[in-house]
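So the numbering used here is basically just the index in the sequence shown, starting at one, shifted up by 495. As structure tokens, the structure follows; a few thoughts come after it.
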Amino acid sequence: MPIDTGWAWMTVVGCFGMHILAVGGIKSFGVLFVEFEHRFATTSRALASVQAVTTTFMMGMCPVSNALSTKFGCRRIVFIGGIFMGLGFVLSSFVPSYQWLYLTYGVISGFGFGLSYAPCIVFVGHHFKKYRALANGLSVSGSGVGTFLFPICINKFVVWYGLGGALLLLGGIMLNCCVCAMLFRPISSYKDRKISKKVLKSASGNHPNEAKDVLLEKLEQNGSRNNIHNAEEMSELNGTVKNNALTSDATKILSKPDEGQQLLDSKTKASPIFDWKLLTNPVFLVFLTSTAIANFAYPNIFIMVPSYGEEIGLDKAAGALMVSIIGISDLVGRIFFGWFSDLRLVPRKYEFMFTMGISGVLSLILPFVKGYEALMAYCSTYGFFAGAYIALIAVVLVDTLGIEKLSGAFGFVGFGMTIGLLGGPPIVGSLRDDTGSWDNSFIFAAVIAIVGAMIILLEPLAQRYINKRSIKKENEI
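This is the structure:
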């Protein structure tokens, strides 16, 4: 399996494309929010709750989708997820009332998002070591591109084809996630090609041509996956193969996987998907709590900004543009902080805390931002910092727990983030309904993000507790 080179970078391309579609589409809900609000004449809380269902499925499915991808392969699971994503948007175009959106957009599309999101991030993480932070930053920066493109496209689609036609088009676009899934080459394919090349090279040297046929036939019979452990079995397959050296060499070649395969196999076996021991690790619990709390704030900005634009006198196109600006600055921020973290000038956990805290401070000043130019400058700055801590989650988990724990840890973190995803939108929607303004909602988002960042300061205490516990166990022994 290629590490830091070759097809490893194509997995980044696939994950990048998936983020354009899935995460970019979800973050653009604020544009659809305005259209749904006008069409169904319902409350902000009701429509925000639709988004809460979608994002809850997306992150809550993380442990399940990781387990499924481990068993059936990342390509298959992401491909199936793409089908559900497209189906949900298509069905949403025919709903007669907003209540149906809970099923079509919330459950069906959310289920697809959930199947696609976590597996590709973990898959990319296993393909990199030296450039892991940069690769992860590039992968998840696709959400910035999607957040930039989708609001503009949705606004145009609604003008040209109406809300129903726009949702139909979006459903077709979401099916391209299936194309991205095809770039996630199955791990077994590396082992197959490695074996085939070695076998042919060995067989074509000093041994009869019949040897090639025997070895390749055996590979085909076993789906090019099962190892040949017994040299006598080789000789029984073809009476012409009598050379002990050939059978001995073939056995060694076929039974020894390449180093990349050994690495991934060992990591997969060593890290059960539901590793409940992680929940007894105080350091992991610090990061789990931090991300869970901060997620009450981050996703809601994308719901609130387009509507807030109308609130201060901007038109729909300008509100959609603000989300696009957040998206493009989000892209730049994720790539920059991914590159910067690989330099190791600052511990990644402090980058994580800093970017999360800054996003909270910026949310605190948003109620004082009035006018087109001021809001544009704000969105540029917010996007640069807010997306960065999301991009750093995977690499911080690897630094803290090791690559062998990434799949299980990321699953728990994703599930923990559903608390904020489920509770945040109804809260900010209710605050807007009660006050008639988004100002209190922005203040709520700011405070909660700052609290999430401050929790990271408990990490040294948690690490000290672990060290004391280890010393105590050693003394008891």
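C-beta: ideal position from N, C-alpha, C; glycine also.
Own chain residues within Cβ distance below 6 Å of residue i, not counting five before or after
| i | result |
| --- | --- |
| residue 712 | A caution first: residue 712 carries a pLDDT of 44, below 50, which makes its placement in the model too unreliable to give a value. |
| residue 640 | 515 and 826 |
| residue 896 | 904 |
| residue 937 | 858, 861 and 862 |
| residue 837 | 628 and 629 |
| residue 824 | 875, 878 and 879 |
Short CB-CB distance (under 9 Å) between residue i and chain D
| i | result |
| --- | --- |
| residue 597 | Among the chains of the structure shown, chain D does not appear; only one protein chain is present. |
Residue j beta carbon less than 9 Å from that of residue i
| i | j | result |
| --- | --- | --- |
| residue 553 | residue 672 | no |
| residue 502 | residue 628 | no |
| residue 878 | residue 820 | yes |
| residue 564 | residue 609 | no |
| residue 648 | residue 513 | no |
| residue 889 | residue 863 | no |
| residue 650 | residue 811 | yes |
| residue 781 | residue 901 | no |
| residue 841 | residue 818 | no |
| residue 642 | residue 605 | no |
| residue 898 | residue 624 | yes |
| residue 557 | residue 676 | no |
| residue 854 | residue 793 | yes |
| residue 578 | residue 663 | no |
| residue 881 | residue 930 | no |
| residue 611 | residue 668 | no |
| residue 644 | residue 511 | no |
| residue 537 | residue 593 | yes |
Own chain residues within Cβ distance below 7 Å of residue i, not counting five before or after
| i | result |
| --- | --- |
| residue 653 | 530 and 661 |
| residue 847 | 884, 887, 891 and 951 |
| residue 912 | 554, 786, 787 and 790 |
| residue 678 | 505, 506, 508 and 509 |
| residue 599 | 583, 586, 587 and 590 |
| residue 946 | 788 |
| residue 617 | 561, 901, 902 and 905 |
| residue 701 | Note that residue 701 scores a pLDDT of 48, beneath 50, so its modelled location is shaky; the value from the coordinates is reported in the next line. Here the set comprises nothing. |
| residue 809 | 867 |
For residue j and residue i, believed in contact at Cβ under 8 Å, the rounded distance
| i | j | result |
| --- | --- | --- |
| residue 519 | residue 638 | 6 Å |
| residue 921 | residue 543 | 6 Å |
| residue 893 | residue 620 | 7 Å |
| residue 940 | residue 796 | 7 Å |
| residue 806 | residue 932 | 7 Å |
Contact set for residue i: own chain, Cβ-Cβ below 8 Å, skip 5 residues either direction
| i | result |
| --- | --- |
| residue 597 | 544, 545 and 548 |
In chain order, each alpha helix (DSSP H) run of at least 4 residues that lies wholly inside the segment 587–644: The qualifying runs are 605–621 and 627–635.
If we require 4 or more residues per run, which alpha helix (DSSP H) segments fall completely within the segment 927–953? If we require 4 residues or more, the alpha helix (DSSP H) runs fully inside the segment 927–953 come out as 934–950.
Taking only runs that begin and end inside the segment 837–875, name each unbroken alpha helix (DSSP H) of 4 or more residues, in chain order. Segments of the alpha helix (DSSP H) lying fully in the segment 837–875: 843–860.
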